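Report on one structure; see the data block that follows.
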Amino acid sequence: MEFVMKCLGINEAGNLTIGGCDVKELAKQYKTPLYIMDESDVRKNCRTYVDAIDKYYDGNGLILYASKALSCKYMYKIAMEEGMGVDTVSGGEIYTALAAGFPAEKIYFHGNNKTYDEIEYAVKSNIGCFVVDNEDELDAIDEIAGKYKKTVKIMLRITPGVDAHTHDFIRTGQIDSKFGAALETGAADKLTEYALAKKNVELKGLHCHIGSQIFELAPFCETAEIMMNYIAKLDRKYGVVIEELNLGGGFGIKYTEKDTPIDYDKFIEAVSAVIKKSAADLGVKCPFILMEPGRSIVAPSGITVYTVGTVKKIPNVRTYVCVDGGMGDNPRYILYNSEYDAVLVEKPDAERFEKVTVAGKCCESGDIVIKDIFMPEVKKGDLIAVLATGAYNYSMASNYNRIPRPPVIMAKDGKSKIAVKRETYEDIIANDMI
Ligand code: LLP
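The sequence shown runs 536 to 969 under this note's numbering.
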């Protein structure tokens with residue numbers, strides 16, 4: 536039996552396993568709903584990228600884990616131990632990384648509208664680099680750096696004009712984007728000039744990110760070439776040497792059989808070749824490269840386990856399998872019409888003959904986890920594992936309907952530990968002031 540995730544198995548009892556643990560046992564121990572990650576698999580994914588930089592780019596680069604995909608202290612600890620940096624997008628993510636002991640100099644701070652307080656916090660914390668989005672942000676960084684008598688390292692977020700084929704909401708490389716300064720419109724030149732005129736910042740690099748859940752190499756190669764051309768242009772036009780090139784993340788993963796991801800080291804291999812060739816052709820130095828995989832590090836290593844509370848058959852219309860979680864722990868269907876695969880924990884390889892819709896428990900008709908999936912017969916009390924939920928599930932979870940967020944469990948070599956504990960009703964009212 537082949538699952539969409541490589542790290543799953545079936546044990547002698549016929550139950551689903553992850554990280555050497557019986558998922559049914561974990562559900563009994565920790566209750567449901569429950570996020571479970573295979574820690575070794577996450578680390579393997581990290582290593583694929585880190586090793587590829589060594590293999591194809593002579594180690595002249597750094598992989599930044601895009602921590603928005605799954606942000607918790609445990610994940611920052613893994614990224615640190617695997618020799619990576621991190622991409623953060625808020626004061627909260629920086630705080631979590633620092634609380635996990637992450638080295639500040641390997642923290643990159645993104646975002647199209649960083650607040651003054653966040654910038655001040657990041658400057659005071661000596662984070663490694665700001666990925667600057669616009670002139671207003673540059674004003675704030677320059678002022679705050681001056682106040683603390685520091686020179687702050689920055690890269691500029693450039694919109695390369697590459698249109699990647701993915702969902703509209705997660706596409707960022709085109710001109711009509713809230714992120715970055717476009718090359719075609721001259722905005723990128725303006726932002727560069729603005730940065731060069733600032734006293735307390737040091738322009739080290741350029742950044743771009745064309746979107747998420749991308750399966751083709753071509754847009755990444757095209758982007759790398761465009762960015763190398765721009766690096767050469769900046770050298771000619773302003774005499775500025777760009778030392779670092781950050782090509783963002785966005786490498787696609789397999790959610791369902793329809794998805795066809797490429798081996799992740801192929802992205803690095805292809806992009807490395809383009810950069811080396813462009814550098815030689817253009818007569819510029821090969822930059823230090825950064826990449827920011829998020830989803831592909833954690834999504835394929837995680838599942839969510841639910842208990843079925845009721846099965847509602849509406850004859851000739853639809854069968855709803857209602858589970859004890861939903862849009863609170865996985866808002867990706869309601870946001871993007873995302874598709875997932877799911878299996879029964881106690882019969883993962885049973886024949887699937889019935890089309891059902893897995894629905895959540897929120898007071899909202901759109902609260903669907905999976906629409907129209909073929910499953911074996913599902914009954915009240917069954918455990919369902921939704922696959923490949925390691926990214927953008929816990930990190931986008933909410934307390935809608937005052938439902939506590941599930942815990943995140945790390946499974947490794949047959950043992951499990953709690954990375955994030957289950958929220959309680961006390962947690963839910965913790966900020967209520969009356
Ligand atoms: N770097 C930058 C600047 C980004 O904006 C992102 C994702 C990444 C890296 C990581 O991309 P990844 O490798 O994870 O695809 N919530 C959406 C995804 C939003 C992605 C936002 N930026 C989802 O659930 O699909």
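Yeah, the Cβ is synthetic: ideal placement off N, Cα and C, and Gly gets one too.
Just so you know, these numbers come straight off a predicted model, no measurement behind them.
Could you say which of 574, 563, 540 lies nearest to residue 842 if we only look at CA atoms?
563
Just to check, is the beta-carbon of residue 622 closer than 7 Å to a non-hydrogen atom of the ligand LLP?
yes
In chain order, which continuous runs of the alpha helix (DSSP H) of length 4 or greater are located wholly inside the stretch 866-928?
867-871
How do the stretch 545-555 and the stretch 765-776 stand: do at least 3 beta-carbon pairs fall below 8 Å, yes or no?
no
Would the beta-carbon of residue 603 be found less than 7 Å away from any heavy atom of the ligand GTP?
This structure does not include the ligand GTP; its bound ligands are the ligand LLP.
Give every residue of the same chain whose Cβ lies closer than 6 Å to the Cβ of residue 536, excluding the five residues on either side of it in the sequence, and list them in chain order.
Excluding positions up to five away in sequence, the list reads 884.
Determine the contact status of residue 835 and residue 541, defining contact as a CB-CB distance below 8 Å.
Contact: yes.
DSSP on residue 776, reduced to helix/strand/coil?
When DSSP states are grouped into helix, strand and coil, residue 776 belongs to the coil group.
For residue 895 and residue 619, I'd like the C-alpha separation in whole angstroms.
36 Å
Can residue 619 be considered in contact with the ligand LLP, in the sense that its beta carbon sits closer than 7 Å to one or more heavy atoms?
In this structure, the C-beta of residue 619 stays at least 7 Å away from each heavy atom of the ligand LLP.
If contacts are defined as beta-carbon pairs under 8 Å, then residue 621 and residue 632 qualify, I think. What distance do you get, rounded to the angstrom?
6 Å
Are the stretch 756-763 and the stretch 690-700 touching by the rule of at least three beta carbon pairs closer than 8 Å?
yes
Spell out a yes or no on whether the stretch 857-867 and the stretch 893-910 are touching, meaning 3 or more CB-CB pairs, one atom from each, closer than 8 Å.
yes
Whole angstroms is fine: what's the gap from residue 810's alpha carbon to residue 893's?
45 Å
Given a cut-off of 8 Å, decide if residue 874 and residue 911 are closer than it, judged by their beta-carbon atoms.
no
Roughly how many whole angstroms lie between the Cα atoms of residue 597 and residue 847?
Within the model, the alpha-carbon separation for residue 597 versus residue 847 is close to 50 Å.
Is it buried or exposed, residue 940, if we count other Cβ atoms within 10 angstroms and call 16 or more buried?
buried
Hey, would you say residue 643 sits closer than 8 Å to residue 807, going by beta carbons?
no
For the beta strand (DSSP E) containing residue 626, list its first residue and its last residue.
No beta strand (DSSP E) holds residue 626; the alpha helix (DSSP H) holding it covers 626-634.
Compute the minimum distance between the beta carbon of residue 786 and the heavy atoms of the ligand LLP, and state whether it is under 7 Å.
Flag set: Cβ of residue 786 near the ligand LLP.
Just to check my reading of the structure: residue 934 and residue 963 have Cβ atoms closer than 8 Å, yes? What is that Cβ distance to the nearest angstrom?
6 Å
Tell me the rounded alpha-carbon separation between residue 714 and residue 647.
6 Å
Out of curiosity, what's the CA-to-CA distance linking residue 636 and residue 612?
7 Å
Is the CB-CB distance between residue 688 and residue 733 below 8 Å?
no
If you measure between the beta carbons of residue 788 and residue 794, is that distance less than 8 Å?
Their beta carbons are under 8 Å apart, which means residue 788 touches residue 794 by this criterion.
Regarding residue 931 and the ligand LLP, is the C-beta to nearest heavy atom distance less than 7 Å?
True, at least one ligand heavy atom lies under 7 Å from that Cβ.
What do you reckon, are the CB atoms on residue 680 and residue 624 nearer than 8 Å?
no
Is the separation between the beta-carbon of residue 605 and that of residue 844 shorter than 8 Å?
no
Tell me which same chain residues have a C-beta within less than 8 Å of the C-beta of residue 897, skipping the five on either side of it?
861, 862, 863, 935, 936, 938
Helix, strand or coil: how does DSSP classify residue 756 here?
Of the three classes helix, strand and coil, the one that applies to residue 756 here is helix, per DSSP.
For residue 601, report the span of its beta strand (DSSP E) as first-last.
596-601
Can you tell me whether residue 827 sits near the ligand LLP, meaning its C-beta is under 7 Å from at least one heavy atom of the ligand?
yes
Using a Cβ-based criterion (distance less than 7 Å to any ligand heavy atom), does residue 651 qualify as near the ligand LLP?
no
Do residue 871 and residue 831 have their C-beta atoms within less than 8 Å of each other?
Contact flag unset, no.
At what residues does the alpha helix (DSSP H) containing residue 858 begin and finish?
No alpha helix (DSSP H) contains residue 858, which is instead part of the beta strand (DSSP E) from 853-858.
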